[in-house]
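Structure, as structure tokens:
In the numbering used here, the protein residues as written are 28 to 306.
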């Protein structure tokens with residue numbers, strides 16, 4: 028039995044199915060299926076069964092669940108303790124980052140980090156859901172996300188609001204309204220504007236929304252830095268104090284690896300500079 032198999036099992040339980048779990052873990056569904064077959068061979072029983080179109084825990088799976096959670100927690104503590112020892116050089120750092128935050132500030136932070144720790148391999152992955160979920164499942168060391176609503180907690184991981192990301196409404200109004208996927212920051216913030224929830228004419232990620240607004244397809248809520256870039260190209264935008272949300276950082280507790288620890292130290296220094304919390 029491997030720690031990876033336990034994490035995969037718990038991810039299937041949390042996400043209520045193989046497809047959603049594979050997306051959250053950033054692996055293919057066949058890889059997840061093979062890992063579960065191996066775990067079931069060790070346990071000696073099927074852990075999941077079909078209930079219509081859904082996958083649910085079998086009787087053996089329900090009995091195994093509390094043991095899996097306890098074992099995964101103990102393995103996490105051992106892994107954290109081992110990775111917190113020594114120098115970050117030669118280690119790997121995985122950042123799970125909401126796409127609105129990749130260009131700024133995460134790219135800038137990674138550049139500064141690599142200037143100090145050039146031997147650390149840094150990988151940036153974009154989440155299917157909450158970046159904090161990847162941290163809990165052990166597929167990322169640190170998560171950067173946007174929370175337009177109440178703060179969400181992720182088990183043993185620590186989630187803290189560190190900055191504010193401001194948005195604007197770019198494009199000619201009342202052009203057709205464009206929005207991000209349901210639950211995204213741009214979609215939630217759009218619903219805060221006068222007139223209540225809007226039915227978008229098109230749905231796309233914020234980086235693609237910029238291209239649609241630039242092409243004159245419609246108006247969209249976008250990060251303020253993107254609005255200013257569009258403004259320089261002659262596309263009007265407006266600001267509103269309601270168009271802002273928290274940037275949250277999630278990392279493992281009570282300890283984290285040396286590479287992640289140094290990255291968090293760099294982040295804290297950035298936050299202490301003038302304007303360091305306005306992203």
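Note that CB positions come from ideal geometry on N, CA and C, so glycine has one too.
Candidates the options: closest to residue i by CA position
| i | options | result |
| --- | --- | --- |
| residue 204 | 173, 189 and 240 | 240 |
| residue 125 | 286, 247, 302 and 273 | 273 |
| residue 279 | 266, 186, 192 and 135 | 186 |
| residue 213 | 38, 132, 192 and 58 | 192 |
| residue 133 | 300, 276, 283 and 302 | 276 |
| residue 289 | 139, 72 and 34 | 139 |
| residue 234 | 76, 206 and 259 | 206 |
| residue 303 | 97, 84, 174 and 188 | 188 |
| residue 202 | 195, 219 and 227 | 227 |
| residue 173 | 88, 159 and 166 | 159 |
| residue 254 | 150, 117 and 237 | 237 |
| residue 156 | 130, 300, 249 and 232 | 232 |
The beta strand (DSSP E) enclosing residue i, as first and last residue numbers
| i | result |
| --- | --- |
| residue 130 | Per DSSP, residue 130 belongs to no beta strand (DSSP E) and is neither H nor E. |
Same chain only: Cβ atoms within 7 Å of residue i, ignoring 5 sequence neighbours per side
| i | result |
| --- | --- |
| residue 176 | 215 |
| residue 262 | 197, 198, 240 and 241 |
| residue 164 | 34, 38, 51 and 52 |
| residue 208 | 214 and 230 |
| residue 91 | 70 and 74 |
Residues that residue i bridges to, as DSSP identifies them
| i | result |
| --- | --- |
| residue 147 | BP columns for residue 147 are empty, so no partner. |
| residue 188 | 275 |
| residue 86 | Residue 86 pairs with nothing; no bridge assigned. |
| residue 336 | Look at the range of the chain in this structure, 28 to 306, and you will see that residue 336 is not part of it. |
| residue 305 | 191 |
| residue 81 | 78 |
Continuous alpha helix (DSSP H) stretch holding residue i: start and end
| i | result |
| --- | --- |
| residue 288 | 285-298 |
| residue 161 | 158-163 |
Residues near residue i by beta carbon distance below 6 Å, same chain, minus five either side
| i | result |
| --- | --- |
| residue 169 | 122, 278 and 287 |
Same chain, Cβ closer than 8 Å to residue i, five either side skipped, listed in chain order
| i | result |
| --- | --- |
| residue 305 | 190, 191 and 193 |
| residue 85 | 72, 73, 74, 75 and 76 |
(request) Give, in chain order, every unbroken run of the beta strand (DSSP E) that is at least 3 residues long and sits entirely within the stretch 32-79. (result) Taken in chain order, the complete beta strand (DSSP E) segments of 3 residues or longer contained in the stretch 32-79 are 75-78.
(request) Note down, one range per segment and in chain order, each beta strand (DSSP E) of at least 3 residues found wholly within the stretch 192-251. (result) 204-206 and 246-250, all fully within the stretch 192-251.
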